[in-house]
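*Asks:* The structure that follows is given in the form of structure tokens.
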Amino acid sequence: MAASAGSPPGDAARHRLRAWMLEGLADMAKHHPGPHAAPEGAHRGQRWWRVMCLTGVDYFSTLGYQPGIAALAAGALSPIATLVLVLVTLAGALPVYRRVARESPHGQGSIAMLERLLSFWKGKLFVLTLLGFAATDFLITITLSAADAATHLVENPHLTSALHNGQLVITLILVALLGAVFLKGFLEAIGVAIVLVGLYLALNAVVVVVGLWHVATTAHAVADWSHALTAEHGSVPVMIGVALLVFPKLALGLSGFETGVAVMPHIEGDPDDTEERPTGRIRGAKKLLTTAAVIMSVFLIITSFITTLLIPEDAFKPGGPANGRALAYLAHEYLGSLFGTVYDVSTIAILWFAGASAMAGLLNLMPQYLPRYGMAPHWARAVRPMVLVFTLIAFLVTWLFDADVDAQGGAYATGVLVLISSAAIAVTITARRAREHGWTTGFAVIAVVFLYTTVANVIERPDGVKIGACFIAGIILVSFLSRLARAFELRVTSVVLDEKAERFIRDTAHRKIRFIANEPDQRDLSEYRDKLQQIRTDNDLPVDDDFIFVEVTVGDPSEFESELRVRGEVLHGRFRVLVMDSSTVSNALAALLLHARDLTGARPHIYFEWTEGNPFAQFLRFFLFGQGEVAPVTREVLREAEPDRDRRPRVHVG
10 MAASAGSPPG DAARHRLRAW MLEGLADMAK HHPGPHAAPE GAHRGQRWWR
60 VMCLTGVDYF STLGYQPGIA ALAAGALSPI ATLVLVLVTL AGALPVYRRV
110 ARESPHGQGS IAMLERLLSF WKGKLFVLTL LGFAATDFLI TITLSAADAA
160 THLVENPHLT SALHNGQLVI TLILVALLGA VFLKGFLEAI GVAIVLVGLY
210 LALNAVVVVV GLWHVATTAH AVADWSHALT AEHGSVPVMI GVALLVFPKL
260 ALGLSGFETG VAVMPHIEGD PDDTEERPTG RIRGAKKLLT TAAVIMSVFL
310 IITSFITTLL IPEDAFKPGG PANGRALAYL AHEYLGSLFG TVYDVSTIAI
360 LWFAGASAMA GLLNLMPQYL PRYGMAPHWA RAVRPMVLVF TLIAFLVTWL
410 FDADVDAQGG AYATGVLVLI SSAAIAVTIT ARRAREHGWT TGFAVIAVVF
460 LYTTVANVIE RPDGVKIGAC FIAGIILVSF LSRLARAFEL RVTSVVLDEK
510 AERFIRDTAH RKIRFIANEP DQRDLSEYRD KLQQIRTDND LPVDDDFIFV
560 EVTVGDPSEF ESELRVRGEV LHGRFRVLVM DSSTVSNALA ALLLHARDLT
610 GARPHIYFEW TEGNPFAQFL RFFLFGQGEV APVTREVLRE AEPDRDRRPR
660 VHVG
């Protein structure tokens with residue numbers, strides 16, 4: 010909308026800035042605005058392999074540091090511990106998330122599956138808790154990946170002297186650049202991801218082939234490794250046992266699955282897909298998850314093997330040349346400085362852009378929950394303001410951790426494992442309800458494995474759950490403050506009258522529309538007769554005036570927005586009653602009054618009794634349970650919804 014000709018230049022600039030910031034309101038939701046979206050455009054999107062590259066910048070980029078983490082945690086046992094990780098990936102996480110993709114194809118992942126199991130405030134608090142861990146996972150993905158990219162840059166042999174002690178500043182710059190990409194647009198990021206993933210995997214394939222060649226041609230390399238394993242651990246069962254104990258430290262290698270389902274709305278479906286049955290999108294998501302898991306598993310096994318055999322153990326330790334960059338070390342060592350630098354540049358680029366899939370997940374996940382719960386302002390549905398919010402939080406996290414990759418690993422692993430564990434639990438419950446006994450048993454075993462891994466990780470690195478708790482506390486606090494600030498919004502998306510209800514309102518419109526707010530009790534003859542007499546007496550109204558009773562039954566008071574359906578009834582042969590179900594009484598009454606005004610052109614009146622009790626306690630009842638002191642809250646909702654006093658429905662209290 011253009012600014013008026015007489016507007017000051019400053020106002021015009023602010024107007025353009027606001028329009029630009031809110032322009033993306035539907036960008037992330039154009040393929041899926043929500044679970045109740047219209048099917049139009051549901052089949053559009055990107056091919057599954059292109060979207061896989063978007064998630065791959067997160068998943069595949071862990072090759073930049075995963076072999077080093079495995080070597081540091083397991084030593085010579087690293088290949089066997091990595092094999093355990095791969096088995097858990099292919100036999101555990103992959104089947105779980107293929108089921109999640111089928112059950113929750115709108116990018117909400119296992120959180121939506123678990124949300125359906127719980128209602129009222131306990132369900133909302135549970136979802137907010139999982140969103141806290143999701144925020145931990147995705148935001149730490151952004152900051153940890155940027156910090157690791159900065160590490161590769163600083164530790165490049167050609168740049169070490171120039172960039173020494175510049176890790177924090179470089180990380181902040183990389184985070185800012187990622188935010189700038191999303192401020193400009195989202196779909197362009199997929200094209201960048203395809204190039205980065207293709208180049209990075211090709212360079213890693215070269216390093217893997219050269220590494221295997223050196224292992225094969227280095228005398229006694231395999232024999233020395235085998236002897237070291239035997240000397241350290243003795244027998245194969247002991248090796249397997251130790252590998253199982255070490256496995257939780259390698260959990261970062263499972264990081265790509267949650268982002269894989271988070272970006273599902275961007276996968277192209279079949280032409281006949283609908284939002285209720287997006288068969289093509291689900292099929293594409295399963296291909297994405299399976300292909301990414303297989304590619305990553307092959308690389309993980311081979312890279313852990315060659316790095317363990319070819320890199321001295323001391324080089325993996327903090328401060329060592331292979332710490333956090335084992336494959337880069339091999340690239341420089343065996344392929345020369347030029348190739349090593351190209352590999353570093355590719356690693357830096359994909360690690361920096363790894364935050365793109367995490368940012369996409371955040372932008373898809375958070376707006377689907379918080380605004381719907383009334384726990385975020387309206388602008389939280391727009392892309393660009395949320396990008397700024399997430400970027401600023403990433404700045405804060407980077408500064409608090411001083412851009413230290415190792416320090417953020419615990420929080421990252423905790424977020425990943427909690428979400429995978431919740432997904433395993435969700436699919437177990439889903440399979441049980443579907444009476445799929447085999448899948449129920451299998452998923453239950455997988456859930457136990459991930460719960461063990463999560464607990465072991467928390468015990469080993471408790472800082473992760475502490476950081477997750479901070480995110481959870483922050484989300485819950487901000488969410489409730491936001492809901493408090495929005496308590497007096499209209500909160501009704503639409504009003505639908507049945508035929509009888511509309512006839513009641515139109516019949517009285519030619520005189521004066523008078524409603525009586527009634528809290529239904531026995532609904533017997535005396536209840537309505539006594540209520541009518543009291544309202545007439547309190548407000549000195551003539552006996553021959555028409556009245557319509559209005560009754561609201563509170564369903565789930567934790568819901569924020571909903572459609573209001575109004576049914577008309579005639580009770581005891583004489584009393585007209587409008588019956589509604591809503592999450593709050595006051596907002597439903599206000600919505601009905603405004604709808605009646607717009608339907609008839611007449612300004613309606615509504616009559617209340619005062620409610621006994623402490624005003625603050627009554628407000629808490631309204632905030633938490635949708636009831637409380639109805640009359641003043643109804644008036645306040647009307648005041649916010651209709652600023653013109655001459656058009657505002659009248660509220661009377663006796």
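The sequence shown begins at 10 in my numbering and counts up one residue at a time.
For every residue, glycine included, the Cβ atom is placed at its ideal position computed from N, Cα and C.
Under 8 Å between the Cβ atoms of SER338 and ILE320?
*Replies:* Before going further, note that residue 338 is Tyr rather than Ser in the sequence given. For TYR338 and ILE320, yes; Cβs fall inside 8 Å.
*Asks:* For the beta strand (DSSP E) holding ASP590, just list the boundary residues, first then last.
*Replies:* 584–591 is the span of the beta strand (DSSP E), which, as asked, contains ASP590.
*Asks:* Does the distance from the CB of SER591 to the CB of GLY610 come in under 8 Å?
*Replies:* Against a cut-off of 8 Å, the Cβ pair of GLY610 and SER591 comes out as no contact.
*Asks:* Have a look at the DSSP bridge pairing and note the partners of GLY577.
*Replies:* The partner list for GLY577 (beta bridge, DSSP) reads LEU587.
*Asks:* How long is the line joining the alpha carbons of PRO104 and ALA440, rounded to whole angstroms?
*Replies:* Rounded to the nearest angstrom, the two C-alpha atoms are 12 Å apart.
*Asks:* For THR423, does the count of other Cβ atoms within 10 angstroms reach 16, so buried, or fall short, so exposed?
*Replies:* Burial call: buried.
*Asks:* ARG108 to MET122, Cα distance in whole Å?
*Replies:* Their Cα atoms are separated by approximately 11 Å.
*Asks:* Could you say which of ARG500, PRO287, PRO641, MET375 lies nearest to ALA597 if we only look at CA atoms?
*Replies:* Comparing Cα-Cα distances from ALA597 to each of ARG500, PRO287, PRO641, MET375, the minimum goes to ARG500.
*Asks:* Measuring CA to CA, which of SER571, LEU153, LEU86 is closest to PRO310?
*Replies:* The amino acid occupying residue 310 in the given sequence is Ile; Pro does not appear at that position. The shortest Cα separation from ILE310 among SER571, LEU153, LEU86 belongs to LEU86.
*Asks:* DSSP three-state call for TYR616: helix, strand or coil?
*Replies:* It is a strand residue.
*Asks:* For ASP146, count neighbouring C-beta atoms within 10 Å of its own C-beta (all shown protein chains included) and say buried if the count is 16 or more, exposed if not.
*Replies:* With 16 or more other Cβ atoms within 10 Å, it is buried.
*Asks:* Have a look at ALA159, HIS236, THR268, PHE584 and flag the residue whose alpha-carbon is nearest the alpha-carbon of SER119.
*Replies:* Checked all of ALA159, HIS236, THR268, PHE584; the closest Cα to SER119 is THR268.
*Asks:* Using beta-carbon positions only, say whether ASN373 and GLY116 come within less than 8 Å of one another.
*Replies:* In contact: ASN373 and GLY116 (Cβ atoms closer than 8 Å).
*Asks:* May I ask you to verify whether the stretch 196–210 touches the stretch 60–80, counting CB pairs closer than 8 Å and requiring at least 3?
*Replies:* The stretch 196–210 vs the stretch 60–80: in contact.
*Asks:* Quick check on SER430: does DSSP put it in helix, strand or coil?
*Replies:* SER430 falls in the helix class under three-state DSSP.
*Asks:* Would you mind reading off the limits of the alpha helix (DSSP H) that contains PHE497?
*Replies:* Here PHE497 belongs to no alpha helix (DSSP H), and DSSP marks it neither H nor E.
*Asks:* If we count the other Cβ atoms within 10 Å of its Cβ and call it buried at 16 or more, is GLU469 buried or exposed?
*Replies:* GLU469 is exposed by the Cβ-count criterion.
*Asks:* What does DSSP give as the partner residues of PHE558 in its beta bridges?
*Replies:* DSSP lists ILE525, VAL586 as partners of PHE558.
*Asks:* If you drop the 5 nearest sequence neighbours on each side, which residues of the same chain put their C-beta closer than 7 Å to that of TRP448?
*Replies:* Cβ neighbours of TRP448 beyond the five flanking positions: ALA440.
*Asks:* Could you work out which residue in VAL660, GLN542, LEU172, SER355 is closest to ALA202 when comparing CA atoms only?
*Replies:* Nearest C-alpha to ALA202: SER355.
*Asks:* According to DSSP, is ILE276 part of a helix, a strand, or is it coil?
*Replies:* Strand.
*Asks:* With which residues is LEU506 paired in a DSSP beta bridge?
*Replies:* Answer is VAL575.
*Asks:* With 16 as the cutoff for other CB atoms within 10 Å, does ALA664 come out buried or exposed?
*Replies:* Residue coverage of the chain in this structure runs from 10 to 663, which leaves residue 664 outside it and unanswerable.
*Asks:* Please look up how many angstroms separate the CB atoms of LEU238 and ALA82, rounded, as I've assumed it's under 8 Å.
*Replies:* Not really, about 15 Å apart at Cβ, beyond 8 Å.
*Asks:* Go ahead and label ALA38 buried or exposed: buried means 16 or more other beta carbons lie within 10 angstroms of its beta carbon, across all protein chains shown.
*Replies:* Its pLDDT being 38, under 50, ALA38 is placed unreliably in this model, and the value from its coordinates should be taken loosely. Buried, by the Cβ-count rule.
*Asks:* Assuming ALA600 contacts VAL504 under a Cβ cut-off of 8 Å, what Cβ separation, rounded to an integer in Å, is found between them?
*Replies:* Right, the Cβ-Cβ distance comes to about 6 Å (below 8 Å), so this counts as a contact.
*Asks:* Which word fits GLY282, buried or exposed, when buried means at least 16 other C-beta atoms lie within 10 angstroms of its C-beta?
*Replies:* Per the sequence shown, residue 282 should be read as Asp rather than Gly. It counts as buried.
*Asks:* Under a Cβ-count criterion, where at least 16 other Cβ atoms within 10 Å of its own Cβ denotes burial, should TRP222 be classed as buried or exposed?
*Replies:* When all chains shown are included, TRP222 counts as exposed.
*Asks:* Count the other CB atoms within 10 Å of the CB of GLY141; is the residue buried (16 or more) or exposed (fewer)?
*Replies:* Classification for GLY141: buried.
*Asks:* Buried or exposed: ASP67, going by 16 or more other Cβ atoms within 10 Å of its Cβ?
*Replies:* Buried, since its Cβ has 16 or more Cβ neighbours within 10 Å.
*Asks:* Looking at C-alpha atoms only, which residue of THR226, THR400, GLU508, GLY349 is the closest neighbour of LEU212?
*Replies:* Checked all of THR226, THR400, GLU508, GLY349; the closest Cα to LEU212 is GLY349.
*Asks:* Note the first and the last residue of the continuous alpha helix (DSSP H) segment covering ARG290.
*Replies:* Note, ARG290: alpha helix (DSSP H), 288–319.
*Asks:* Measure the beta-carbon distance from GLY582 to ASP507 and round it to whole angstroms, keeping in mind my assumption that it falls under 8 Å.
*Replies:* Between ASP507 and GLY582 the Cβ distance is about 20 Å, and since that is not below 8 Å, they are no contact.
*Asks:* Note the first and the last residue of the continuous beta strand (DSSP E) segment covering HIS115.
*Replies:* First-last for HIS115: undefined, no H or E at that position.
*Asks:* Report the three-state DSSP secondary structure of ASN231 (helix, strand or coil).
*Replies:* One detail in the question is off: residue 231 reads as Val in this sequence, not Asn. The answer is helix: DSSP assigns VAL231 an H, G or I state.
*Asks:* According to DSSP, is HIS519 part of a helix, a strand, or is it coil?
*Replies:* Of the three classes helix, strand and coil, the one that applies to HIS519 here is coil, per DSSP.
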